[in-house]
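Worksheet: one structure, shown below.
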Amino acid sequence: MGRSNYLCLHRLEERADEMPLLAHDPLSELGSLVAWSIGTETGLRTDFPGKLRGELWSEVCSDADLCLGYRCSYARDCFFMKSRKKAAEARLLISNHHLLFTDARSRMIDELDYGDEAVLPSFHRLIIDEAHNIEKNATDYFTTTYSGYDVMRSIGRLSHQRRGSKALVEDLAPYAPDPALPGEILGVISLLGESIGYVDTYLVGLMQKIKSMSLLIQPQMKPQLGDFIRLAKAVVEYAGQLGLLVNRLLEDGKIPEELEHRGRELSVHVKRIRSGANALAQFLDVDNWTEDVHWFESVEFGKGSRGVKVHISPLSVASSLRESMFSRLETVVCTSATLDLNDNFSYWGSRIGLPLETSRNYLTAVHHSPFDFKSRLLLLTPEDAPVFSEKEPETFFTYCTQTIRDAIFASGGGALVLFTSYSMLLRVANDLAADIQKAGITMLRQGEEDRFHLLRRFTDDKDSVLFATDSFWEGVDAPGETLRMVIIVKLPFRVPTDPVFRARQESLDQDGKGGFFKLALPEATMKLKQGFGRLLRNTLDSGIVLILDSRVVNKQYGRWMLQALPESYHPETTSEGIPGKIEAFLYS
10 MGRSNYLCLH
20 RLEERADEMP
30 LLAHDPLSEL
40 GSLVAWSIGT
50 ETGLRTDFPG
60 KLRGELWSEV
70 CSDADLCLGY
80 RCSYARDCFF
90 MKSRKKAAEA
100 RLLISNHHLL
110 FTDARSRMID
120 ELDYGDEAVL
130 PSFHRLIIDE
140 AHNIEKNATD
150 YFTTTYSGYD
160 VMRSIGRLSH
170 QRRGSKALVE
180 DLAPYAPDPA
190 LPGEILGVIS
200 LLGESIGYVD
210 TYLVGLMQKI
220 KSMSLLIQPQ
230 MKPQLGDFIR
240 LAKAVVEYAG
250 QLGLLVNRLL
260 EDGKIPEELE
270 HRGRELSVHV
280 KRIRSGANAL
290 AQFLDVDNWT
300 EDVHWFESVE
310 FGKGSRGVKV
320 HISPLSVASS
330 LRESMFSRLE
340 TVVCTSATLD
350 LNDNFSYWGS
360 RIGLPLETSR
370 NYLTAVHHSP
380 FDFKSRLLLL
390 TPEDAPVFSE
400 KEPETFFTYC
410 TQTIRDAIFA
420 SGGGALVLFT
430 SYSMLLRVAN
440 DLAADIQKAG
450 ITMLRQGEED
460 RFHLLRRFTD
470 DKDSVLFATD
480 SFWEGVDAPG
490 ETLRMVIIVK
500 LPFRVPTDPV
510 FRARQESLDQ
520 DGKGGFFKLA
530 LPEATMKLKQ
540 GFGRLLRNTL
550 DSGIVLILDS
560 RVVNKQYGRW
570 MLQALPESYH
580 PETTSEGIPG
590 KIEAFLYS
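Below is the structure:
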């Protein structure tokens, strides 16, 4: 688990001292957290029995920048330190991808080898499960981001009072080397906040104007970005001024020992403000852009509150993974059920930097499934299904609604319906809700509640149906009668509006490699295999996979995708014959 998943007792105590009434109220969020902290053995957020706002957790979780280390009065009881000690003594350590990439980058920046302790203890051999997600997760981690919302949160800690506690600058003002310095700091903070507001207003207006959730920014667009560049430069300038003024306060001021932790907190928040500003400055330096992907993303920060993040993502993670991890470990084993696309792993390897350009061994193997797909899985691909068209979407919507209804009634429920678009999910689910409820079948929809509770309800009710998208194409494990049919509405090609995907595909096209066949098709095939793999979870399972996208049988690339799936019972069929084939397979 990453550090931020652990409760910090020192930070919790500070928060409780600021709000004593709430801290002693067991019905309040803070009070329940204080009560839980006394009995918990792990301090892990996932073990907290109730719901917690992310904002509160961010104020009480373990934070490397704010940690007092062994000087902390809670050092012996520290949940994070105890977990680190336990990990250091272990011969087998289990981590998630995010923590692994955090560790790899830390070792590269600090020039540590894998015999040293970094974010993770020392290790020399690595097994990566779910290895089909390496590129996606590494891309997310190696992306640099500016968020006005996040910067404003740090600014708020500097200048705004909280119940029972002074603002950081106000708290340290009496110890400044110059009585005018705190006022100068607050003045720059005000100008910085104002500048961030101007940038946010511009970006939100831009994204609303183009009616898109994301926008790829290319060097030739620089003339159109004049207003953004001018406004954003002010943010960078004021953040730099703030850093200089605060450094003067901390280095030349006479801060007493009992307030050193407040000085450290001030330093940390200014560091985070400058880090965000540095990301923005890097984005603004258009003339010196490398091949990285520069893009805007519209996001929701709270109820009804929208903002725009500014990202710089790697065009390829291959070199970073080679340099930080693959070339420096003795052994790396990568496993997944979907890596091979009948191409000897060449697509997957090329995306993450394998094989290494050295004499080191690179071994690949396909271990066939123990499942009897030919007798236990019925694959239905109606040849007469209409192909989705942006110009005439109603034809496909109507077809899907009718076919999904008939298939669910034929199976008696127990179905996972996988979409590639949340808007289409809502449209079809809303059209079917009354009929499915009338049939006595429970309909569950992604977005109604969190993933954990949705899956729990789905597995507890063997005749329920779950309408889901994206993340539910993998990680759903429902053996037995609970899941007897998977319906794949459309082939899972990435939308061309995804800026990072679009930039990667265009780069391949420019190199003459064919972005569709070298990226879009194999990526979609790998995801199709994930969706297909939701059905059979043990050797006794059986059921149906129904694919409503006729391109899978009528297009040459679709037939290539089918060949990458395990060979199963796959009779020819039309839409009219689907219900009868489902009933015969499940209940005859």
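Heads up: the sequence shown begins at 10 in this note's numbering, then just goes up one per residue.
C-beta: ideal position from N, C-alpha, C; glycine also.
Only a predicted model underlies this, so the values are computations on that prediction, with no experimental measurement involved.
Could you check which residue in Arg568, Thr491, Leu463 has the C-alpha nearest to that of Thr478?
Leu463
State whether the stretch 543-552 contacts the stretch 374-381, with contact taken as three or more CB pairs (one from each stretch) at a distance under 8 Å.
yes
Close beta carbons around Leu528, own chain, < 7 Å, minus the five adjacent residues each side
Arg513, Gln514, Leu517
Please go through the stretch 161-205 and give each complete alpha helix (DSSP H) segment of 4 or more residues, from N-terminal end onward.
177-181
Does the Cβ of Lys601 have 16 or more other Cβ atoms within 10 Å, making it buried, or fewer, making it exposed?
In the structure as shown, the chain starts at 10 and stops at 597, and residue 601 therefore has no counterpart that could be examined.
Does the stretch 447-466 come close enough to the stretch 396-410 that 3 or more CB-CB pairs lie under 8 Å?
no
If distances are taken between C-alpha atoms only, which option among Leu16, Thr390, Phe292, Arg24 comes closest to Ile587?
Thr390
Do Trp298 and Leu224 have their C-beta atoms closer together than 8 Å?
no
Can you name the start and end residues of the beta strand (DSSP E) that Phe476 belongs to?
474-478
Kindly indicate which three-state DSSP category His19 falls into: helix, strand or coil?
helix
Quick one: residues in its chain with C-beta nearer than 6 Å to the C-beta of Ser71, no 5 flanking neighbours on either side, listed in chain order?
Arg12, Tyr15, Cys17, Phe89
Of all the options Phe110, Phe237, Leu190, which has the alpha carbon lying nearest to the alpha carbon of Leu293?
Phe237
Taking buried to mean at least 16 other C-beta atoms within 10 Å of its own C-beta, is Lys499 buried or exposed?
buried
At least 3 beta-carbon pairs within less than 8 Å: the stretch 107-121 vs the stretch 323-340
yes
Report all residues from its chain with a CB closer than 6 Å to the CB of Ile136; omit the five preceding and five following residues, and keep chain order.
Val342
Could you pull the DSSP bridge partners for Met452 from this structure?
Val474
Assuming Ser2 and Leu386 make a contact with CB atoms under 8 Å, what is their CB distance in whole Å?
Because residue 2 is not part of the residues shown, which for the chain are 10 to 597, the question remains open.
Measuring CB to CB, does Leu254 end up less than 8 Å from Ile194?
yes
Quick one: using the 10 Å Cβ neighbour count with 16 as the cut-off for buried, is Leu21 buried or exposed?
buried
Nearest residue (CA-CA) to Gly249, options Gly262, Glu269, Met222, Leu200
Leu200
Mind the definition here: the stretch 208-226 touches the stretch 276-287 only if three or more C-beta pairs lie below 8 Å; say whether that holds.
no
In this structure, how does DSSP classify Ile553 when only helix, strand and coil are distinguished?
strand
Go ahead and label Thr506 buried or exposed: buried means 16 or more other beta carbons lie within 10 angstroms of its beta carbon, across all protein chains shown.
exposed
Per the DSSP calculation, Gly362 is bridged to which residue(s)?
Answer is none; Gly362 lacks a bridge partner.
Return yes when the Cβ of Tyr207 is within less than 8 Å of the Cβ of Leu167, no when it is not.
no
If you follow the alpha helix (DSSP H) that Leu330 is in, where does it begin and where does it stop?
327-330
What are the complete beta strand (DSSP E) segments, minimum 3 residues, inside the stretch 510-569?
552-556
What whole-angstrom Cβ distance do Ser156 and Met222 have, given they're in contact under 8 Å?
That pair is no contact at about 15 Å.
When burial is assigned at 16 or more other CB atoms within 10 Å of the CB, is Leu258 buried or exposed?
buried
Skipping 5 residues on each side, what residues in its chain have a beta carbon closer than 7 Å to that of Gly5?
Residue 5 lies beyond the stretch modelled for the chain, which goes from 10 to 597, so this question has no answer here.
Cys87 versus Arg54: straight-line alpha-carbon distance, rounded
14 Å
Short check: CB of Thr153 to CB of Ile321, under 8 Å?
yes
Put Phe428 into one of helix, strand or coil per three-state DSSP.
strand
Compare the beta carbon distance of Glu532 and Arg503 with 8 Å and say whether it is the shorter of the two.
yes
Exposed or buried, what is Glu144 when buried is set at 16 or more other beta-carbons lying within 10 Å of its beta-carbon?
buried
Run through the stretch 384-450 for me and flag every whole beta strand (DSSP E) of 3 or more residues, listed as ranges in chain order.
386-389, 424-428
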